[in-house]
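Reading through the structure tokens given below for one structure.
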Amino acid sequence: MKNVFIINAHEAYPFSEGKLNATLVEKATTNQENLEVQFRILDVIYD
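For the sequence shown, the numbering used here gives the first residue as 8, with consecutive numbering after it.
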């Protein structure tokens, strides 16, 4: 099994909400055979 790590580095702006990036990450993480896919969204604040 191969590992894939996707980073969504979009920063939200009033004119750009990041819907395209979110959709692309969702498509890339679903229905992947023989892959372990993890992703992070950098705009989310971590404690």
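Backbone N, C-alpha and C fix where the C-beta goes; we use that ideal spot for every residue, glycine too.
GLU24 and MET8 have their C-alpha atoms roughly 34 Å apart. In this structure ASP50 is not in contact with ALA29, their Cβ atoms being roughly 10 Å apart against a cut-off of 8 Å. For GLU43, the three-state secondary structure derived from DSSP is strand. Beyond the five residues adjoining it in sequence on each side, GLN45 comes within less than 8 Å, by CB distance, of ASN10, VAL11, PHE12 and ILE13 in the same chain, given in chain order. Counting along the chain, the unbroken beta strand (DSSP E) around ASN15 starts and ends at 9–15.
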